[in-house]
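S.K.:
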Amino acid sequence: MITRKGMLIDVSKCMACRACQVACKQWNQLPAEKTHFTGTYQNPPGLSAKTWTIVNFIEPEEGQMRWLFRKQQCLHCTEATCVSVCPSGAAKRREDGIVYFDQSICTGCKYCVESCPFHTPKFDPIGGTVKKCTFCLDRVLDGLEPACAKACSTGAIVFGEREQVVQVARQRQEVLSKENPGEIPRIYGEKELDGLGVFYLLPERASLYGLPERPRLPIEKVVFKWAVGIIPGLAVLYGLWRYFGKERPSSEKQSEAIGGK
C-alpha cells in the first residue's frame, strides 16, 4: 500500500542558514540567476523557475527588532489546483501525494501559475514551461529524503510518511505550548485544503508569515471541475439534437414519398 509523504517545517527551529536553498539548487542542478536585496536579508526576493525554495525573512512592524523565518516551496496540495486546470496533463499528482510537472508535455499555458492559492509555480520564459519544487522525486523513489531536509542542521525540516510527520508536529506543538503558556502553536496545513503535503508549525498567526489565514481554492478550480463534468453531457445532447432535430436531407424525404405511394 502506497502511503502519502509529508514534510513538516518547524519555523521555531529555523535559523535561516539557507542550507536548504543551496541544497535544492545543487541537487536539482538549477542555474544561478541575477538577484538583489529588497530591504531585508532575504535573497533572492522570491521563487522563480530557477529557484524552487527560499527562506523568507519577515520583519513584523511592532516597534521591536525581530525576524521571523519561513521556508517557502510547493506545498503539494491534496486538491492540487495546478493538476485540475492543466489542459495538457503535464501537472500530475502521484498516489504518494507528490505533485510534479512533466516538462516534456507542458505547454506553458500558465493556468497553474494563475490558479495556485500559494503562488508557487513559476514560468520559465527560456524553456517555455512552468517549474516548481518536485519534492526531489528522484531521491524519494530511491528511498532518500529531499535534499532540503537532508541539509537542514537544526531539524526544522522533517520528511517521511505524512501521518508520522503529523505526530512529530503535534509532539513539538505540546513542547512549545508548555514553553509559552496560553499560546497554542498552529499546525498550518494539517487540515487546511483537505491537508497539505507540506505543513508548518507556526508559533504565531499565519498572516505574520505571509500565509493566508484561511486558504481557499480559487474559483477557477470549481468552474473547471464543473465544466469537465457538464461539457461531455452537453456535447451528447447537441449531437442528438443535430441528428433528430434538424430537417433531414431532401433525398431522404423523396425516398419516404416514393415508399408511401
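Position in the sequence shown (first residue = 1) + 3 = our numbering.
Think of the CB as a built atom: it goes at the ideal place given N, C-alpha and C, for glycine as much as any other residue.
When DSSP labels each residue in this structure, what does T271 get in the three-state scheme?
M.R.: Because the chain in this structure spans residues 4 to 264, residue 271 falls outside the shown range and cannot be described.
S.K.: With 16 as the cutoff for other CB atoms within 10 Å, does N59 come out buried or exposed?
M.R.: Position 56 of the sequence shown, counted from the start, is the residue given in the question as residue 59. Buried, because 16 or more other Cβ atoms sit within 10 Å of the Cβ of N59.
S.K.: Taking DSSP as the reference, what is the three-state secondary structure of Q174?
M.R.: Residue mapping note: residue 174 aligns to position 171 of the sequence shown, counting from 1. It is helical.
S.K.: If you follow the alpha helix (DSSP H) that Q29 is part of, which residue opens it and which one closes it?
M.R.: Counting from 1 along the sequence shown, the entry for residue 29 is found at position 26. Start and end: 22-30.
S.K.: Identify the residues that DSSP records as bridge partners of A94: which are they?
M.R.: One-based indexing of the sequence shown puts residue 94 at position 91. Residue pairing from DSSP places A94 in a beta bridge opposite F104.
S.K.: Can the beta-carbon of C23 be found less than 8 Å from the beta-carbon of I160?
M.R.: Mapped onto the sequence shown, residue 23 falls at position 20. Mapped onto the sequence shown, residue 160 falls at position 157. Taking 8 Å as the cut-off, the Cβ atoms of C23 and I160 count as close.
S.K.: Using 10 angstroms around the beta-carbon of F121, count the other beta-carbons present and answer buried if the total reaches 16, otherwise exposed.
M.R.: Position 118 of the sequence shown, counted from the start, is the residue given in the question as residue 121. F121 comes out buried.
S.K.: Is the distance from the Cβ of L205 to the Cβ of R189 below 8 Å?
M.R.: Along the sequence shown, read from residue 1 onward, the residue named residue 205 stands at position 202. Along the sequence shown, read from residue 1 onward, the residue named residue 189 stands at position 186. Against a cut-off of 8 Å, the Cβ pair of R189 and L205 comes out as a contact.
S.K.: Which term fits E98, buried or exposed, when burial requires 16 or more other beta carbons within 10 angstroms of its beta carbon?
M.R.: What you label residue 98 is simply residue 95 of the sequence shown in a count that begins at 1. Classification for E98: exposed.
S.K.: Residues in the same chain with beta-carbon distance under 7 Å from P221, minus the five sequence neighbours each way, listed in chain order, please.
M.R.: Looking up residue 221 in the sequence shown gives position 218. Excluding sequence neighbours, P221 sits near T84, S118, P120.
S.K.: For C27 versus T157, is the C-beta spacing smaller than 8 Å?
M.R.: Sequence index remark: in the sequence shown, residue 27 carries index 24 (1-based). Sequence index remark: in the sequence shown, residue 157 carries index 154 (1-based). No, these two residues do not count as a Cβ contact at 8 Å.
S.K.: Ends of the beta strand (DSSP E) at R142?
M.R.: Translated into positions along the sequence shown, residue 142 becomes position 139. Segment 140-144 is the alpha helix (DSSP H) holding R142; no beta strand (DSSP E) there.
S.K.: For the beta strand (DSSP E) that T84 lies in, which residues bound it at each end?
M.R.: Within the sequence shown, numbered from 1, the residue matching residue 84 stands at position 81. From DSSP, T84 is part of no beta strand (DSSP E) but of the alpha helix (DSSP H) over 84-88.
S.K.: Relative to the C-alpha of N31, which candidate in L214, A150, L199, G185 has its C-alpha closest?
M.R.: The residue given as residue 31 occupies position 28 in the sequence shown. Comparing Cα-Cα distances from N31 to each of L214, A150, L199, G185, the minimum goes to A150.
S.K.: Should A35 and F126 be called a contact, given that it needs their Cβ atoms to be closer than 8 Å?
M.R.: For the purposes of this step, residue 35 is taken as residue 32 along the sequence shown, with counting starting at 1. For the purposes of this step, residue 126 is taken as residue 123 along the sequence shown, with counting starting at 1. Their beta carbons are not under 8 Å apart, which means A35 does not touch F126 by this criterion.
S.K.: Taking the alpha carbon of G100 as the point to measure from, which residue in G130, L179, T137, V14 has its own alpha carbon closest?
M.R.: Taking the first residue of the sequence shown as 1, we reach residue 100 at position 97. Comparing Cα positions, the closest option is T137.
S.K.: On the three-state DSSP scale, how would you describe K37?
M.R.: Position 34 of the sequence shown, counting from 1, holds the residue named residue 37. It is coil, neither helix nor strand.
S.K.: Would you decide whether M10 is buried or exposed? Buried here means 16 or more other CB atoms lie within 10 Å of its CB.
M.R.: In the sequence shown, residue 10 corresponds to position 7, counting from 1. Under this definition M10 is a buried residue.
S.K.: Assign S15 to one of three DSSP states: helix, strand, or coil.
M.R.: Reading the sequence shown from its first residue, position 12 is the one you call residue 15. Residue state, collapsed to three classes: coil.
S.K.: Report yes or no: do the region 88-96 and the region 104-113 share at least 3 C-beta pairs separated by less than 8 Å?
M.R.: yes
S.K.: Need the endpoints of the alpha helix (DSSP H) that E117 sits in, please.
M.R.: For the purposes of this step, residue 117 is taken as the residue at position 114 of the sequence shown. Its alpha helix (DSSP H) spans residues 114-118.
S.K.: Going by C-alpha distance, which of E82, W55, K74, C80 is nearest C139?
M.R.: As a working note, residue 139 is residue 136 in the sequence shown. Closest option to C139, Cα to Cα, is W55.
S.K.: Which same chain residues, not among the five before or five after D197, have their C-beta less than 6 Å away from its C-beta?
M.R.: Here residue 197 refers to the residue found at position 194 of the sequence shown. Taking D197 as the centre and dropping the five residues before and after it, the same chain places the C-beta of T81, E82 closer than 6 Å to its C-beta, in chain order.
S.K.: Buried or exposed: Q67, going by 16 or more other Cβ atoms within 10 Å of its Cβ?
M.R.: Within the sequence shown, residue 67 is the residue found at index 64, counting from 1. Result: exposed.
S.K.: Taking only the alpha-carbon atoms, compute the straight-line gap between K265 and Q174 and give it to the nearest angstrom.
M.R.: Shown here, the chain extends from 4 to 264; a query on residue 265 therefore has no answer.
S.K.: Nearest by alpha-carbon distance to G130: which of Q106, K153, G42, Y44 is it?
M.R.: The residue given as residue 130 occupies position 127 in the sequence shown. Of the candidates Q106, K153, G42, Y44, the residue whose Cα lies closest to the Cα of G130 is Q106.
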